[in-house]
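This report refers to the structure that appears directly beneath it.
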Amino acid sequence: MILCVRFRLEPTGEVMLPQLLDLLREFTPVVEACPPGEALADVRGALRYFGWGPAELASVVRVRALALYGVDCVIGAGPNPMLARMAAREARPGATLVVEDPAAFLRDRPVVALDGVGRATARTLCGYGLDSVGRVADAPLAVLQRLVGARPGRELWERARGIDRTPVVPGEVSRSLAAERSFLHDELDTGEHRRALLSLTEELGARMRTEGQVCRSLTVTVRYADRTTSSRTRTLREPTAHSAELTALAYAIHASFGFQRARVRGIALRAEGLAPAEGAAHQLTFDPADDKARRIEEVADRARAKFGPRAVLPGSLAA
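In the UniProt record's numbering, the protein residues as written are 1 to 319.
What follows is the structure, encoded as structure tokens:
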């Protein structure tokens, strides 16, 4: 049994994650961090040792997190990481949702709810009437492989049946980077939203280039005045840490929200699917502007390393 614990942290609370992970390690050594505020824990041994059910163990974790750190959490439990994450996304605050019948839990959910199914894949599947997980599960494997490819088709076929072979890897290096900007007041101006996104993409791009990493996708999370949030994720056309490409995608995601008079309190950006930069391919172009931008970026990175992170800034941020 896998627990997915989503800690309800404040925007600056990611620094508390190591302590919260240590709390989970009191029950099992198999704990994987999923920053900024989530963790997976394989608790099969703990359940046998204590003689508890997953809901009972989750209640103890929640009480200790509240008592020791003042942090509430939402917990999902399932036989594998995918089901545990899906359960955690649907669980109510202060409650635990346990998936005991994967087929019944998945059947009526939209296909986009499955891990690894993005908007493009969902659009392809829906075009053939495969708009729910149950319909995908009932479809022949060969049909899915013709629609989305051999390997993705098999993975989709297995996940629709509640099968996820991804292990919980303790101590795994973070596969994402995140940063957030909070406004001094509830911000209605979409221009200020874009300015915050520019600042975030510059920060994350510089961090990834310094660490020799690239990312595959970006997630923009908008926090509103009533503390609710909205998140959207899109995949880059190629893995990159180039700030200009990150900014263009972040702007496109922001535009997809269709804000008019939304009262926004903060915006967060997460770079996901991190991988070593030396293993990433870059499609060469005949655009001299792209080459020039990358050369300028290299010079700016050297200046920041020598004189500090604010030594070189885009003009709209320096104003």
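Even glycine gets a Cβ: it sits at the ideal position worked out from N, Cα and C.
Roughly how many angstroms separate the alpha carbons of residue i and residue j, rounded to a whole number?
| i | j | result |
| --- | --- | --- |
| Pro167 | Arg195 | 39 Å |
| Ile267 | Ala33 | 22 Å |
| Asp108 | Lys292 | 50 Å |
| Phe7 | Met208 | 25 Å |
| Asp131 | Ala303 | 50 Å |
| Leu198 | Arg181 | 11 Å |
| Leu246 | Glu38 | 24 Å |
| Pro81 | Leu21 | 17 Å |
| Pro152 | His185 | 44 Å |
| Ser243 | Ala225 | 29 Å |
| Gly149 | Phe183 | 44 Å |
| Leu274 | Phe27 | 29 Å |
| residue 341 | Leu23 | Shown here, the chain extends from 1 to 319; a query on residue 341 therefore has no answer. |
| Val220 | Ala241 | 16 Å |
| Arg232 | Ile253 | 7 Å |
| Val99 | Tyr49 | 21 Å |
| Ala84 | Gly78 | 4 Å |
| Glu211 | Tyr128 | 43 Å |
| Glu90 | Ala300 | 44 Å |
| Glu203 | Gln213 | 13 Å |
| Leu106 | Glu297 | 46 Å |
With H, G and I counted as helix, E and B as strand and the rest as coil, what does DSSP make of residue i?
| i | result |
| --- | --- |
| Glu155 | helix |
| Gln213 | strand |
| Thr12 | Residue placement at Thr12 cannot be trusted, given a pLDDT of 45 that sits under 50; the coordinates are not used to answer. |
| Val31 | strand |
| Tyr128 | coil |
| Thr247 | helix |
| Pro54 | helix |
| Ala122 | helix |
| His185 | strand |
| Ala91 | coil |
| Pro167 | coil |
| Ala137 | helix |
| Ala262 | coil |
| Pro18 | helix |
| Pro314 | coil |
| Gly191 | helix |
| Arg62 | helix |
| Arg294 | helix |
| Phe105 | helix |
| Gly205 | helix |
| Val117 | coil |
| Arg161 | coil |
| Phe257 | coil |
| Asp72 | coil |
For residue i, collect the residues of the same chain with a Cβ closer than 6 Å to its Cβ; drop the 5 residues on either side in sequence, then sort them by chain order.
| i | result |
| --- | --- |
| Gly308 | none |
| Ala122 | Val111 and Val112 |
| Leu141 | Trp157 |
| Arg270 | Ser176, Ala178 and Thr219 |
| Thr201 | Ser243, Leu246, Thr247 and Ala250 |
| Gln145 | Gly153 |
Please list, in chain order, all residues of the same chain as residue i whose beta carbon is under 7 Å from its beta carbon, the five residues on each side excluded.
| i | result |
| --- | --- |
| Thr12 | Because Thr12 sits at a pLDDT of 45, beneath the cut-off of 50, its placement in the model cannot be relied upon, and the point is left open. |
| Leu66 | Asp72 |
| Asp42 | Ile2, Thr28, Val30 and Val168 |
| Ala103 | Gly162 |
Let me see if you follow: with CB-CB separation under 9 Å, is residue i close to chain C or not?
| i | result |
| --- | --- |
| Arg263 | Of the protein chains in this structure there is only one, and it is not chain C. |
Strictly by DSSP, which residues pair up with residue i?
| i | result |
| --- | --- |
| Ala268 | Glu180 and Thr221 |
| Leu3 | Ala41 and Ala77 |
| Ser230 | Val222 |
| Val98 | Ala77 |
| Thr235 | Ser217 |
| Thr240 | Cys215 |
| Ala275 | Val214 |
| Pro110 | Ser132 |
By Cβ distance below 8 Å, which residues in the same chain neighbour residue i in space, the five residues on each side in sequence not counted?
| i | result |
| --- | --- |
| Leu188 | Arg261, Ala262, Arg263 and Val264 |
| residue 321 | Residue 321 is absent from the structure shown; the chain starts at 1 and stops at 319. |
| Leu17 | Phe7, Leu9, Ala33, Pro35, Pro36, Gly37 and Ala39 |
| Leu47 | Met1, Gly53, Pro54 and Leu57 |
| Thr229 | Thr221, Val222 and Arg223 |
| Glu272 | Arg175, Ser176, Cys215, Arg216, Ser217, Leu218, Thr219 and Thr233 |
| Ala305 | Thr210 |
| Arg25 | Val31 |
| Ala206 | Ser243, Asp301, Arg304 and Pro309 |
Requested in this report: Please confirm if the stretch 108-119 is in contact with the stretch 131-145, defined as three or more CB-CB distances below 8 Å between the two stretches.
Outcome: yes
Query - Cβ contact (3+ pairs, closer than 8 Å) linking the stretch 147-164 and the stretch 185-192 - result: no
Query raised in the report: So, do the stretch 81-101 and the stretch 49-62 have three or more beta carbon pairs nearer to each other than 8 Å?
Result: yes
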